[in-house]
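Residue numbers (the numbering used here): 1159 to 1374.
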């Protein structure tokens, strides 16, 4: 077992985060004890960020006090693991689905660093009074104009801040080859960001990549 980032551990191909709320599970994940810490298994088939790490990504810049804008929180699987990592930080978590938000609220009630926002990420002005400037944006929104959502929300990102942009090719255009779509998405966000890395998430997610980029 090795701690590869703050509060993130790996043992072979098994990934874990240090549990912020000891004894609590979020999605039925396995809990283990390691040197007095309780760790939660982080499933790469349930989380794109976990898939990127299992596939070799080793430059996760989150710190214990980081502030993050998370777009597309869904029911909170990945948000909960980021909550473990940035234990003294803040995660402003935007989700449009009322059904998903109801489940997500159960997580945010016991994790004080999660700030749930029921809004449409394509209209970031609607939550301007609810969030602060952040060092990071994590976007996992399966919509046709995904890059436009990212660019609009970059108004909340500090200069030099980092984005994790999950691209689902089939949500953008199911008729084009995924590689063509990925190239176009990179081209679009290069207008405002410098690309740091791109990670293909197969076999954990089909036709998905994460683009990691820095705001100029």
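Glycine included, each C-beta is placed from N, C-alpha and C at the ideal position.
These figures come from a predicted structure and were not determined experimentally.
8 Å Cβ cutoff met for residue i and residue j
i, j, result
"residue 1368", "residue 1324", "yes"
"residue 1333", "residue 1344", "no"
"residue 1258", "residue 1236", "no"
"residue 1284", "residue 1274", "no"
"residue 1179", "residue 1268", "yes"
"residue 1315", "residue 1206", "no"
"residue 1347", "residue 1371", "yes"
Exposed unless 16 or more other CB atoms sit within 10 angstroms - verdict on residue i
i, result
"residue 1266", "buried"
"residue 1288", "exposed"
"residue 1242", "buried"
"residue 1299", "buried"
"residue 1202", "buried"
"residue 1365", "buried"
"residue 1165", "buried"
"residue 1186", "exposed"
"residue 1184", "buried"
"residue 1321", "buried"
"residue 1238", "buried"
"residue 1336", "buried"
"residue 1240", "buried"
"residue 1282", "buried"
"residue 1319", "buried"
8 Å contact criterion, which residue i and residue j should meet: CB distance rounded
i, j, result
"residue 1307", "residue 1279", "5 Å"
"residue 1174", "residue 1198", "6 Å"
"residue 1229", "residue 1272", "Not really, about 14 Å apart at Cβ, beyond 8 Å."
"residue 1227", "residue 1171", "Actually they are not in contact, since the Cβ atoms of residue 1227 and residue 1171 sit about 30 Å apart, beyond 8 Å."
"residue 1373", "residue 1349", "Not a contact, Cβ separation roughly 11 Å."
"residue 1252", "residue 1231", "6 Å"
Contacting residues, own chain, Cβ-Cβ under 7 Å from residue i (five flanking each side not counted)
i, result
"residue 1225", "1247, 1248, 1290, 1292, 1293"
"residue 1195", "1176"
"residue 1210", "1357, 1359, 1368"
Close-in-space but distant-in-sequence residues of the same chain around residue i (CB under 8 Å, 5 per side omitted)
i, result
"residue 1304", "1297, 1323, 1325, 1326, 1329, 1330, 1343"
"residue 1192", "1159, 1167, 1174"
"residue 1261", "1233, 1234"
"residue 1188", "1198, 1199"
"residue 1222", "1164, 1165, 1243, 1244, 1245, 1246, 1247"
"residue 1354", "1217, 1320, 1370, 1371, 1372"
"residue 1169", "1159, 1160"
"residue 1190", "1174, 1196, 1197, 1199"
Chain-order list of residues whose beta-carbon lies under 6 Å from that of residue i (same chain, five-residue window excluded)
i, result
"residue 1220", "1243, 1244"
"residue 1208", "1173, 1200, 1202"
"residue 1215", "1357"
>> My parser needs the beta strand (DSSP E) runs of 3 or more residues fully inside the segment 1171-1197; what are they?
In response: Qualifying beta strand (DSSP E) stretches, in chain order: 1172-1176, 1189-1192.
Ignoring anything shorter than 4 residues or poking outside the segment 1227-1277, list the alpha helix (DSSP H) runs there in chain order.
For the segment 1227-1277, whole alpha helix (DSSP H) runs of length 4 or above, ordered along the chain, are 1235-1243, 1256-1266.
Curious, which full-length beta strand (DSSP E) runs of at least 3 residues does the segment 1286-1311 contain? Listed in chain order, the complete beta strand (DSSP E) runs (minimum 3 residues) inside the segment 1286-1311 are 1292-1297.
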